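Chemist: I have a structure I would like to understand better, so I am pasting it below and will then ask my questions one at a time.
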Amino acid sequence: MKRYARGISYLICVMIIFLTGCASAAGQGDERKTVRLAAPENALIEDFDTNAYKLWLEEQTGLNIEMTWLPAAASEQMANIALLTGENLPDAYIGFGSHNIFKQPSLQTYIDAGTILPLTGYIEEYGTHTQAAFEHLEDFYVRELMTQSDGNIYFMPGFTYHMITRYSQILWMNQEWLDALNLAQPTTTDELYQVLKAFRDGDPNGNGARDEIPLAGTEASYSKQPYDNIMNAFVYNDPKNSRLYVEGGEVKFAPVTDAWRDGLAFLNRLYKEELLSPLSFTQDDQQMIQMANDPRNILGAFTVSGYTYTVMQSDPEAMRRYKPVAPLMGPEGVQLCTLSFPLPKPNGVITSACEHPEEVFKLFDLMLSEEAGLMRFGERGVDWDAAREGDVSIFDTPAAIRVYNQLWKAKQNKHLMEIEPYIRWLNTVDVTQDSTGELDGEYINAQARQLYAPYEPEERLLTLIFDAEEMAELYGIRGNIDDHTYNGLIDFITGAANIHDDAVWDEYKETFYEMGLEKLLIAAQESHDQFQ
Ligand SMILES: [Ca+2]
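Okay, structure coming up:
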């Protein structure tokens with residue numbers, strides 16, 4: 025069966041060589057090389073062949089760029105099979121930056137199979153824009169974060185940084201309720217407890233019924249689960265890095281600390297007294313959104329990164345209802361916010377089937393230029409222009425450009441939705457928008473984030489980079505530890521396990537060590553030290 029398949033693909037190859045041979049013979053003197061890209065299909069890119077950015081790239085590089093769109097649901101599987109067998113490979117894949125396929129440990133499989141090329145040499149030789157981007161983003165360790173344990177770089181980055189994504193959890197509170205009860209926003213965990221109790225008992229929505237939900241969340245996403253925010257008043261809580269944190273240069277694991285136990289006990293108290301809604305563990309995102317936008321005004325507080333991910337922009341009453349609350353101080357004086365450190369996404373890889381890897385690399389390098397980066401805003405003079413003297417951004421800093429048309433959430437034919445390698449040279453901070461105001465989601469987020477900026481941890485883990493040989497084992501350990509942490513959060517908060525029982529707590533902690541916590545800590549320390 026396999027032999028037949030090979031035979032057929034050989035035949036197709038011969039046909040393709042024959043056909044392309046004819047085509048270039050017909051197009052006299054046209055020596056343009058063709059680059060074959062493949063990517064998961066994207067509903068917001070109207071037509072690749074006539075896309076303004078694609079045409080600009082062709083004009084700049086003298087290449088023909090062809091695209092194969094892979095059906096979204098099967099794209100990762102199709103690419104995986106091609107990379108493992110070496111058959112049906114395009115010259116390069118783009119568009120997988122948010123998928124797992126080109127992240128570790130999966131990336132290592134293709135490095136071992138030899139089907140994706142190391143780019144380190146090309147970066148040294150041709151990577152003018154890439155090197156400039158590395159220098160520009162030095163504080164973000166972009167080059168280091170892209171470098172694998174063998175010292176090579178295998179993908180070209182997609183990289184965005186701005187204040188909007190820096191804090192992935194903000195606590196929002198019903199200001200109408202605080203006003204009705206003549207209360208100030210809480211600043212400590214104790215005050216939070218008092219405020220939530222007043223919400224529960226004081227009929228702040230004034231309908232005579234005890235229908236208030238003081239605080240709620242959903243397991244649908246990390247940013248929407250309040251326990252993760254509140255835990256930062258006890259010990260630094262970084263779910264993306266398996267709750268590892270750094271103190272005096274030493275990597276530590278939060279869930280085995282007494283502070284974590286204190287946090288669980290506090291959250292269990294909120295749960296027991298119906299201050300943290302039990303629906304937080306069962307409802308989906310849509311139900312969470314309905315709760316926050318309920319016209320009966322029934323919700324006291326919730327967490328989310330961007331306000332309009334939960335509150336409907338189209339509902340002015342709801343938009344005005346909640347205000348951001350700064351990180352709370354815990355009983356031991358801990359007051360932190362989780363920092364979401366941006367990682368370079370693997371937005372482009374070149375495969376072993378590529379006949380002109382240096383040309384494809386130069387194309388990717390061009391995509392990282394400042395000029396290419398501005399393409400996401402559309403056409404200069406039509407969709408955006410340089411800022412005028414005195415223009416201020418939504419963060420009250422001088423603006424760099426003025427945007428006329430928002431080309432981001434709608435189907436368009438001017439850019440490639442940043443599925444390709446890109447660097448956000450300009451960030452949202454620099455962009456002035458005329459729509460700013462109290463009902464504008466982005467403006468509200470900008471104001472909220474200024475409350476969180478003073479509470480960033482002084483030391484932090486950027487990411488975990490494991491040695492290739494131990495990678496499979498370490499990812500296995502890490503997965504088990506993450507599961508055990510999560511189960512502990514649920515069980516101790518809801519009371520399924522008793523947080524006040526020393527034997528139960530000791531056994532819970534012991535299980536982490538049985539799972540290989542020491543080994544993970546050693547590897548995490550080595551990974552952390554690489555960035556120092
Ligand atoms: Ca009521």
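At position 415 of the sequence shown (counting the first as 1) the number is 439 in the numbering used here, and the numbers step up by one without a gap.
We put the CB at the ideal spot given by N, CA and C, even for glycine.
Predicted model only: the values in this text are computed from it and were never measured.
1. I'd like the span of the alpha helix (DSSP H) that includes Arg224, first residue to last.
2. At 4 residues or longer, and completely inside the region 77–151: list those alpha helix (DSSP H) runs for me, N to C.
3. Should the region 213–231 be called in touch with the region 175–184, which here means at least 3 C-beta pairs below 8 Å?
4. Taking the beta carbon of Asn557 as the centre, do at least 16 other beta carbons fall within 10 Å, making it buried, or is it exposed?
5. With 16 as the cutoff for other CB atoms within 10 Å, does Lys438 come out buried or exposed?
6. Helix or strand or just coil, what does DSSP make of Trp196?
7. Would DSSP call Arg167 helix, strand or coil?
8. Could you check what DSSP says for Lys533 in three-state terms: helix, strand or coil?
9. For ligand 2, which residues count as neighbours when the test is a C-beta closer than 5 Å to any heavy atom?
10. In terms of alpha-carbon separation, which member of Asn469, Asp225, Gly110 lies closest to Ala350?
11. Pick from Lys386, Glu243, Val259: whose alpha carbon is nearest that of Thr327?
12. Could you name the residues of the same chain whose beta carbon sits closer than 7 Å to that of Ala278, not counting the 5 residues immediately before and after it, in chain order?
13. Could you spell out where the alpha helix (DSSP H) holding Met391 opens and where it closes?
14. Since Tyr185 sits in a beta bridge, which residues does DSSP pair it with?
15. Would Leu392 and Thr154 be called neighbours here (beta carbons separated by less than 8 Å)?
16. May I have the straight-line CA-CA distance separating Pro355 from Asp282, to the nearest angstrom?
17. Specify whether the region 377–395 and the region 71–85 touch according to this definition: at least 3 beta carbon pairs, one from each stretch, less than 8 Å apart.
18. Could you give the DSSP three-state label for Met180: helix, strand or coil?
19. Would you report the Cα separation of Leu566 and Glu480, rounded to the nearest angstrom?
20. Per DSSP, what are the beta-bridge partners of Met269 in this structure?
21. Going by alpha carbons, who is nearest to Gln132 out of Ser173, Leu475, Gly512, Ala548?
22. Measure the C-alpha to C-alpha separation of Glu5 and Leu431 and round it to an integer number of angstroms.
23. Could you tell me the distance, in whole angstroms, from the CA atom of Ser192 to the CA atom of Ile105?
24. Could you tell me the distance, in whole angstroms, from the CA atom of Asp415 to the CA atom of Leu288?
25. Nearest to Gln249 by alpha carbon, out of Trp196, Ala233, Gly232, Leu202?
26. Mind listing, in chain order, the continuous alpha helix (DSSP H) runs of no fewer than 4 residues lying wholly within the region 236–263?
27. Alpha carbon to alpha carbon, how far is Ile501 from Glu538? Give it in angstroms, no decimals.
28. Would you call the CB atoms of Met441 and Ile69 closer than 8 Å?
29. Could you name the residues that DSSP lists as bridge partners for Ile489?
30. Starting from the Cα of Arg448, find the closest Cα among Ala342, Met399, Phe516 and give me that residue.
31. Considering only their Cβ atoms, is the gap separating Ala137 from Lys435 smaller than 8 Å?
32. Do you know how far the Cα of Lys369 is from the Cα of Ala240?
33. Just the C-alpha distance for Leu541 and Ile140, rounded to the nearest angstrom, thanks.
34. Among all the DSSP beta bridges, which residues are the ones paired with Met353?
Modeler: Walking through what the data contain:
1. Here the question's residue 224 lines up with position 200 in the sequence shown. Segment 213–225, the alpha helix (DSSP H) holding Arg224.
2. 99–109, 130–137, 144–150
3. At 8 Å Cβ cutoff, the stretches do not touch.
4. Look at the range of the chain in this structure, 25 to 556, and you will see that residue 557 is not part of it.
5. By 1-based counting over the sequence shown, the position of residue 438 is 414. Classification for Lys438: buried.
6. Mapped onto the sequence shown, residue 196 falls at position 172. Correct three-state label for Trp196: strand.
7. As a working note, residue 167 is residue 143 in the sequence shown. Helix, per DSSP.
8. Taking the first residue of the sequence shown as position 1, residue 533 is located at position 509. It is helical.
9. By its list of ligands, the structure shown excludes ligand 2, since it contains just ligand 1.
10. Translated into the one-based positions of the sequence shown, residue 350 becomes position 326. Among Asn469, Asp225, Gly110, the Cα nearest to that of Ala350 is on Asn469.
11. As a first step, residue 327 is located in the sequence shown; it is residue number 303 there, counting from the start. It is Glu243 whose Cα lies nearest to the Cα of Thr327.
12. The sequence position of residue 278 within the sequence shown is 254, counting from 1. Same-chain partners within the cutoff: Val259, Tyr260, Asn261, Arg267, Tyr269, Trp284.
13. In the sequence shown, counting from the first residue as 1, residue 391 sits at position 367. Here the alpha helix (DSSP H) through Met391 covers 381–391.
14. By 1-based counting over the sequence shown, the position of residue 185 is 161. Beta-bridge pairing links Tyr185 to no other residue.
15. Mapped onto the sequence shown, residue 392 falls at position 368. Mapped onto the sequence shown, residue 154 falls at position 130. Yes; because the gap between Cβ atoms is below 8 Å, this pair is in contact.
16. Looking up residue 355 in the sequence shown gives position 331. Looking up residue 282 in the sequence shown gives position 258. The alpha-carbon atoms of Pro355 and Asp282 are separated by roughly 13 Å.
17. Remark: three or more beta-carbon pairs, one from each stretch, lie closer than 8 Å, so the region 377–395 and the region 71–85 are flagged as touching.
18. Looking up residue 180 in the sequence shown gives position 156. In the structure shown, Met180 sits in a strand (DSSP, three-state: E or B).
19. Look at the range of the chain in this structure, 25 to 556, and you will see that residue 566 is not part of it.
20. Indexing the sequence shown from 1 puts residue 269 at position 245. It is worth fixing the name first, because residue 269 is Tyr in this sequence and not Met. Its beta-bridge partners are Lys276.
21. The residue given as residue 132 occupies position 108 in the sequence shown. It is Ser173 whose Cα lies nearest to the Cα of Gln132.
22. Residue 5 lies beyond the stretch modelled for the chain, which goes from 25 to 556, so this question has no answer here.
23. Numbered from 1 along the sequence shown, position 168 holds the residue referred to as residue 192. Numbered from 1 along the sequence shown, position 81 holds the residue referred to as residue 105. One C-alpha to the other measures close to 34 Å.
24. Residue 415 sits at position 391 when you count from the first residue of the sequence shown. Residue 288 sits at position 264 when you count from the first residue of the sequence shown. Cα to Cα, the separation comes out at about 47 Å.
25. The sequence position of residue 249 within the sequence shown is 225, counting from 1. When only C-alpha atoms are compared, the closest one is Trp196.
26. 250–255
27. As a position in the sequence shown, residue 538 is number 514, starting the count at 1. As a position in the sequence shown, residue 501 is number 477, starting the count at 1. Taking the CA atoms as reference points, Glu538 sits about 10 Å from Ile501.
28. Numbered from its first residue, the sequence shown carries residue 441 at position 417. Numbered from its first residue, the sequence shown carries residue 69 at position 45. Contact flag set, yes.
29. Within the sequence shown, residue 489 is the residue found at index 465, counting from 1. In the DSSP output, where bridge partners are listed per residue, Ile489 has none listed.
30. By one-based count along the sequence shown, residue 448 stands at place 424. Closest option to Arg448, Cα to Cα, is Met399.
31. By one-based count along the sequence shown, residue 435 stands at place 411. By one-based count along the sequence shown, residue 137 stands at place 113. For Lys435 and Ala137, no; Cβs fall outside 8 Å.
32. One-based indexing of the sequence shown puts residue 240 at position 216. One-based indexing of the sequence shown puts residue 369 at position 345. For Ala240 and Lys369, the distance between alpha carbons rounds to 32 Å.
33. Residue 541 sits at position 517 when you count from the first residue of the sequence shown. Residue 140 sits at position 116 when you count from the first residue of the sequence shown. Counting only the Cα atoms, Ile140 lies some 33 Å from Leu541.
34. As a working mapping, residue 353 is identified with position 329 in the sequence shown. As a beta-bridge residue in DSSP terms, Met353 pairs with Thr212.
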